[in-house]
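Numbering (the working numbering), first residue to last: 6 to 274.
Cβ coordinates follow ideal geometry from the N, Cα and C atoms, glycine included.
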């Protein structure tokens, strides 16, 4: 009797359909939570970027002997450390997205992957993101991973990159620039495709206008980011090309990048 009760008390415990549904639920929740956390980290970093860049600009405009200068240095350093720690968390979040498939497949707000019927095979298949979108996400991830080596080198001083510090930083900046290029091209491609679509209803027209506005803003942000990366690269390897006000130019370019991205976070969030 006890054996019979054990085997029938939960008949769906070993049911493949139930197990599969549970797995899908966990994966969807993982993708949704990782996406939300990534958005919150990005917003926080953009806000810290505005504060840190503003401090850098003010510091470049002041004399080093000014009593406010040391406070600005401390504020700029604190923002840099906070951004670095956030990036460490974001690396874990993005690796979760990589392993869960969210980097490669289009997902909804609840974390579920979108499916479509293949016209040739008549079978359901997951909808892939565009190659440019995937390249942008991967480049951004590797940029943060490599960039955090520089963060461990300075200001944390947990590793000593020595003569390789500048090279590591340059690779991170270059990958970030590549991500912005891929993002801008992907935005332009999406705008062209959506703009060619002929909406049949008022609801569709409203939705298309919203998509175009978001993609235009994203395109502008990617261009501003690309400019900031270019200035950062020049500042790292040939600051003399920026003239006597190299730090001020770098601060302004980083501030513009942070402001545009913060505006995008607020508008599209």
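Asked                                                                                                                : Found
Range covered by the alpha helix (DSSP H) that runs through residue 268                                              : 251-273
Same chain only: Cβ atoms within 6 Å of residue 158, ignoring 5 sequence neighbours per side                         : 164, 166 and 170
Other residues of its chain near residue 119: CB distance less than 6 Å, five sequence neighbours each side excluded : 111 and 132
Distance, residue 93 Cα to residue 232 Cα                                                                            : 24 Å
Beta-carbon proximity check, residue 87 vs residue 77, cutoff 8 Å                                                    : no
Cα-Cα separation between residue 101 and residue 36, rounded to whole angstroms                                      : 8 Å
Contact set for residue 268: own chain, Cβ-Cβ below 6 Å, skip 5 residues either direction                            : none
Coil, strand or helix - residue 112 by DSSP                                                                          : strand
Coil, strand or helix - residue 121 by DSSP                                                                          : strand
Residue 195 versus residue 141: straight-line alpha-carbon distance, rounded                                         : 14 Å
Bounding residues of the beta strand (DSSP E) (the contiguous stretch that carries residue 129)                      : 129-131
Residue 71 - DSSP class collapsed to helix/strand/coil                                                               : coil
Rounded separation between residue 26 and residue 80 - CA only                                                       : 49 Å
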